[in-house]
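The structure appears right after this line, and notes come after that.
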Amino acid sequence: LLFWYPKDFTFVCPTELHAFQAALPDFEKRNTIVIGASCDTNEVHFAWLNTPKDNGGIEGVTYPILADTHRQLANILGIVEQDVEYTEEGEEIFSGSNVTFRATYLIDETGKVFHESVNDMPVGRNVKEYLRLIDAYAHVQKHGEVCPANWEQGKEAMNANRTGVAEYLSAN
499 LLFWYPKDFT FVCPTELHAF QAALPDFEKR NTIVIGASCD TNEVHFAWLN
549 TPKDNGGIEG VTYPILADTH RQLANILGIV EQDVEYTEEG EEIFSGSNVT
599 FRATYLIDET GKVFHESVND MPVGRNVKEY LRLIDAYAHV QKHGEVCPAN
649 WEQGKEAMNA NRTGVAEYLS AN
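Using this note's numbering, the first residue of the sequence shown is number 499, and each one after it goes up by one.
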């Protein structure tokens, strides 16, 4: 799981980083590595990692945090909040915060992205939803069934055909 957050030393971001840390054992049980990322520098990450939680910091976070300071990967992914306008002479004018949205990628063992989501900056993620998605994809891989809306581990899935959906809808 690779997740991007807008900026160190902000408001919603530390709640997310602590939520991922609290759920880290659940991700590890699912053989999932958690990696955070922002466009801040390594030095800023280090300072934030050494700032106590009760002072807005992320002290205690143990998973890696990438520093994409030149925004190379973030720009490739299209998750940087910026607008580009052009002057009559064709010069680019950038506006916006130039930080990333709250993007999350679930990537399988072959490197294939099997889930991508992007939240706007003021709304934090539901970390439990990523655990549910990992469980759902593992179920699909293991059983060859598909997972209907609101599926959770231990609940009924269905066969991916007309009979399967009809049986599922009849029972639910």
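Backbone N, C-alpha and C fix where the C-beta goes; we use that ideal spot for every residue, glycine too.
Simplified DSSP assignment, three categories, for residue i
{"i": "residue 581", "result": "strand"}
{"i": "residue 499", "result": "coil"}
{"i": "residue 664", "result": "helix"}
{"i": "residue 535", "result": "strand"}
8 angstroms Cβ cutoff met for residue i and residue j
{"i": "residue 592", "j": "residue 546", "result": "no"}
{"i": "residue 501", "j": "residue 602", "result": "yes"}
{"i": "residue 630", "j": "residue 650", "result": "yes"}
{"i": "residue 635", "j": "residue 654", "result": "no"}
{"i": "residue 664", "j": "residue 644", "result": "no"}
{"i": "residue 564", "j": "residue 535", "result": "yes"}
{"i": "residue 532", "j": "residue 518", "result": "yes"}
{"i": "residue 620", "j": "residue 510", "result": "yes"}
{"i": "residue 530", "j": "residue 499", "result": "yes"}
{"i": "residue 600", "j": "residue 617", "result": "yes"}
Per-residue burial, residue i [other beta carbons within 10 Å of its own, 16 or more giving buried]
{"i": "residue 457", "result": "Past the boundaries of the shown model lies residue 457; the chain is included only from 499 to 670, so the question cannot be answered."}
{"i": "residue 504", "result": "buried"}
{"i": "residue 606", "result": "exposed"}
{"i": "residue 538", "result": "buried"}
{"i": "residue 598", "result": "buried"}
{"i": "residue 512", "result": "buried"}
{"i": "residue 625", "result": "buried"}
The ligand SAH heavy atom lying under 7 angstroms from the CB of residue i
{"i": "residue 603", "result": "Of ligands this structure carries none, so the ligand SAH is not represented either."}
*If you pair each beta-carbon of the region 544-559 with each one of the region 581-592, do three or more pairs fall below 8 angstroms?*
Contact between the region 544-559 and the region 581-592 is absent, because fewer than three Cβ pairs lie under 8 angstroms.
_Segments assigned alpha helix (DSSP H), at least 4 residues, entirely inside the region 557-640_ = You should have 570-575.
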